[in-house]
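**Student:** Please find one structure pasted underneath; my questions will follow.
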Amino acid sequence: MEPVLLLCSIAGKKIEQQKIIQQLPEHRLKKIRLMKCEKDKLRCFYSWKLLEYGIQHYFGLNCADLQWNVDQHGKPYFQDAPQIQFNISHSGDWIGIALHQKPIGVDLQQIRPEKSRVAKRVMVPEEWEYYSCSRNPVEFFFTLWTLKESYCKYQGEGITLGLSRFMCYEDHGKIITDCTGCQFYSYADLPGYQVAVCCESTQKPSILVINLKNLERTKGNG
């Protein structure tokens, strides 16, 4: 299969406690019970439902039949299904899941200008030079940030890899990077958000926006 990016919006959605209890596996319920913010609970619930949908649709498997595990870096995976490679990201009202048969990373960020104050801490000198001269520094920053995060997640190490230890930014639609063995793809399809995917495929992951009603009809609770 070619890599795919699944998206769904939880804008205006409210928590339905009974639905969460009935449709989530125990490991996900434990995570939700520790959350105080209702929005975080929604993201946790629908990211699982989106993953269920993607695995059923693209791999023909049910999450209920797969063994969930988490590695030493906190990255989740299915222990008995190495052919399923996935990564989850969410921010604001949107959730994104990237799926492939090889390692893949995705980062989705709501564009909030105040976050760009950390720009210098996550950039190499060349990136900082471009950022300082950019006509739209906020856009440049969030494109760079999501590209770098997607690479860290592709590597399976998260931000422990260190965003300022490598170069990856976009210049007039072209990705400039010193990372090897992978491809980067940037998306500005969602107003107010920036998304990036890192994977080994030379085919840009297609985007599929899923309606929440379709997710709620997905069977299986892992």
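Under my numbering, the first residue of the sequence shown carries the number 63, and numbering increases by one thereafter.
Ideal placement from N, C-alpha and C gives every residue a C-beta, glycine not left out.
Predicted model only: the values in this text are computed from it and were never measured.
1) For Tyr192 and Ala126, what's the separation of their Cα atoms in angstroms?
2) Looking at the secondary structure, which residues open and close the alpha helix (DSSP H) in which Ile157 lies?
3) Which residue wins for smallest C-alpha separation from Glu219, given the options Ala258, Ala181, Thr205, Gly136?
4) Can you tell me which residues form a DSSP beta bridge with Thr239?
5) Tell me, to the nearest whole angstrom, how far the beta carbon of Lys164 is from that of Glu232; I am working on the premise that it is less than 8 Å.
6) Locate the beta strand (DSSP E) running through Gln147, then write down its first and last residues.
7) Residues in the same chain with beta-carbon distance under 6 Å from Gly284, minus the five sequence neighbours each way, listed in chain order, please.
8) Determine, using beta carbons only, whether Ala181 and Ser212 come nearer to each other than 8 Å.
9) Pick from Trp130, Gly74, Ile82, Ser71: whose alpha carbon is nearest that of Gln147?
10) Relative to the alpha-carbon of Glu176, which residue among Leu170, Cys106, Glu201 has its alpha-carbon at the smallest distance?
11) Just checking my contact of Pro65 with Ile166 at CB under 8 Å: how many whole Å lie between their CB atoms?
**Tutor:** Let's see:
1) 47 Å
2) Boundaries around Ile157 are those of the beta strand (DSSP E), 156-162, since no alpha helix (DSSP H) includes it.
3) Gly136
4) Cys230
5) 23 Å between Cβ atoms; not a contact.
6) 147-153
7) Note that Gly284 has pLDDT 48, beneath the 50 cutoff, so the model's placement of it is unreliable and the number below is only indicative. Counting only Cβ-Cβ distances below 6 Å, and skipping sequence neighbours, we find Pro87, Cys125, Ala126.
8) no
9) Trp130
10) Glu201
11) 6 Å
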